[in-house]
Every structure is written in structure tokens, then in C-alpha cells.
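J.: The structure follows.
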Ligand SMILES: CC(C)(COP(=O)(O)OP(=O)(O)OC[C@H]1O[C@@H](n2cnc3c(N)ncnc32)[C@H](O)[C@@H]1OP(=O)(O)O)[C@@H](O)C(=O)NCCC(=O)NCCS
């Protein structure tokens with residue numbers, strides 16, 4: 001497995017990246033929406049990296065500059081289901097962190113939705129005792145927030161009901177400056 005900058009004009013990888021989004025986020029990127037999202041991810045000012053093995057795309061990560069260049073938003077991160085748990089997600093993420101830092105990024109951040117009641121933050125009214133609930137978060141169904149914690153991100157906030165009642169977005173951030 002190799003980590004590389006995503007080859008923006010390689011049609012075979014473009015199609016695989018679209019399929020990967022459809023596979024990993026069927027609720028958000030069905031049909032043409034996946035192609036549109038990949039096109040956005042590959043705009044000139046953005047960064048995109050991939051985990052690849054013998055022409056097969058295993059993982060994809062992108063990020064866009066915000067607040068000038070001091071904070072970048074990571075979006076999306078996806079690893080094909082058959083190859084999860086082999087370090088691809090951590091590896092593309094680490095490469096992205098280095099490249100963002102080299103471009104003036106101090107803080108890398110992301111929103112990770114809890115649309116399927118995978119964390120304790122989906123239980124009850126998240127406008128009540130918000131910070132205690134963040135402190136006491138439990139992973140009920142392998143929600144990726146724990147993956148990001150292992151990469152050094154911390155939860156810095158939530159957007160209650162962002163995706164509907166009991167379906168918050170969880171905001172996470174990491175200092176990446178050297
Ligand atoms: C989240 C995702 C990118 C992780 O990729 P991956 O290649 O399987 O992750 P890695 O193998 O690099 O795992 C690194 C560590 O995180 C842990 N981890 C990975 N996914 C996890 C999860 N969902 N919950 C808890 N821990 C997780 C691994 O066990 C490993 O732990 P270790 O360092 O103690 O061994 C992948 O599961 C995925 O694409 N999921 C679907 C899309 C998604 O949810 N993307 C994030 C949206 S914000």
C-alpha cells in the first residue's frame with residue numbers, strides 16, 4: 001500500500017474515488033452527487049491524497065483551506081470496507097496533516113456526523129448538559145470519532161440535531177503546526 005497525492009487527471013482513479021464515496025456514504029453521495037463531490041475535492045486550492053495498491057484505490061482523504069490558511073477542514077475520509085483496519089486511514093490522514101502544516105495550517109478540523117445513533121450523544125436533548133455529555137461520550141457502534149481520537153484529534157464541539165432529532169454533528173480538531 002502506498003500513499004500518494006491523488007492524480008487529478010487519472011480517469012480510472014477518479015471513477016474509483018466516486019465509487020468509494022458511494023460505498024462509504026450512501027446516504028450523502030448516491031449517483032451523480034459522488035462525482036460532483038470528488039470534483040469539488042480536486043479543486044486547485046484543495047488537497048487530496050490516496051492509499052493505493054496495484055492500481056486499486058483503498059482510501060481517499062481531502063481537505064480545504066478555511067480562515068485563510070490557518071485552519072483546514074478535512075473532508076472526506078474514506079477507506080474501502082474490505083481493507084479497513086490495515087492502517088490506510090491513519091496513513092492518508094498523517095500525510096494530509098503534514099501537507100496542511102506545510103501550507104500554514106495550524107488547526108485541522110472536521111465534522112463527523114452521528115446519523116445512525118452510534119454514540120451516546122444521540123441520546124436525549126444535546127442542548128442540555130452539552131459539555132458533560134461530550135466529556136462522557138461513549139461509542140455505541142464503532143462511530144469514527146474514536147478513530148480520529150487515536151490520530152490525536154479531540155472533540156471541540158457538537159451541533160445538536162444537525163442531521164435530524166438525535167443526530168448531531170461532532171466537531172473535532174487537532175493542532176498540526178510544527
Ligand atoms: C474511519 C475509517 C476512515 C478508518 O479507516 P481504517 O483504515 O479502517 O483505519 P486504520 O486501520 O488506520 O485504524 C487506525 C486505528 O483506529 C481504529 N479505528 C478505525 N476505525 C475505527 C472506528 N470506527 N471506531 C473505533 N476505532 C476505529 C483502529 O482500530 C486503529 O486502532 P489502533 O491504532 O489501536 O490499532 C474507515 O473505517 C471508513 O472509511 N469508514 C467509513 C467512512 C467514514 O466513516 N469516514 C469518516 C467520516 S467523518
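In the working numbering, the protein residues as written are 1 to 178. Glycine included, C-beta positions come from ideal geometry on N, C-alpha and C.
1) May I have a chain-ordered list of the alpha helix (DSSP H) segments no shorter than 4 residues that lie completely inside the segment 20-107?
2) Using C-beta distances below 6 angstroms, list every residue in its chain close to residue 178, excluding the 5 sequence neighbours before and after it, in chain order.
3) Could you name the residues of the same chain whose beta carbon sits closer than 7 angstroms to that of residue 130, not counting the 5 residues immediately before and after it, in chain order?
4) Please confirm if the segment 112-127 is in contact with the segment 53-63, defined as three or more CB-CB distances below 8 angstroms between the two stretches.
5) Report the rounded CA-to-CA distance for residue 5 versus residue 40, giving the unit in angstroms.
6) Quick one: what's got a C-beta closer than 7 angstroms to residue 96's C-beta in the same chain, skipping five residues either side?
7) Do you know whose CA, among 19, 66, 166, lies nearest residue 123's CA?
8) Below 9 angstroms between beta carbons: does that hold for residue 14 and residue 38?
9) When you compare the CB positions of residue 108 and residue 71, do they come within less than 9 angstroms of one another, or not?
10) Do residue 150 and residue 90 have their beta-carbon atoms positioned less than 9 angstroms apart in this structure?
11) Can you find the residues in the same chain that come closer than 8 angstroms, C-beta to C-beta, to residue 88, ignoring five residues on each side of it along the sequence?
12) What would DSSP say about residue 2, mapped onto helix, strand or coil?
T.: From the atom records:
1) 32-41, 88-102
2) Counted from its first residue, the chain shown places residue 178 at position 178. Closer than 6 angstroms at Cβ, skipping near neighbours: 101.
3) Counting from one through the chain shown, the residue named residue 130 turns up at place 130. The answer, listed in chain order, is 158.
4) no
5) Start at 1 with the first residue of the chain shown, and residue 5 comes out as number 5. Start at 1 with the first residue of the chain shown, and residue 40 comes out as number 40. Cα-Cα distance, rounded: 16 angstroms.
6) As a working mapping, residue 96 is identified with position 96 in the chain shown. If we look at residue 96 and ignore the five residues flanking it on each side, its Cβ neighbours are 47, 49, 61, 63, 74.
7) Position 123 of the chain shown, counting from 1, holds the residue named residue 123. Residue 123 has its Cα closest to that of 166, out of 19, 66, 166.
8) If you number the chain shown from 1, residue 14 lands on position 14. If you number the chain shown from 1, residue 38 lands on position 38. Result yes, Cβ atoms of residue 14 and residue 38 sit closer than 9 angstroms.
9) The residue labelled residue 108 in the question sits at position 108 within the chain shown. The residue labelled residue 71 in the question sits at position 71 within the chain shown. It is a contact, given that the beta carbons lie within the stated cut-off.
10) By 1-based counting over the chain shown, the position of residue 90 is 90. By 1-based counting over the chain shown, the position of residue 150 is 150. Using a Cβ distance threshold of 9 angstroms, residue 90 and residue 150 count as a contacting pair.
11) Locating residue 88 in the chain shown gives position 88, counting from the first residue. Here the set comprises 1, 51, 58, 59, 79.
12) To locate residue 2, count along the chain shown from 1; it is residue 2. Strand.
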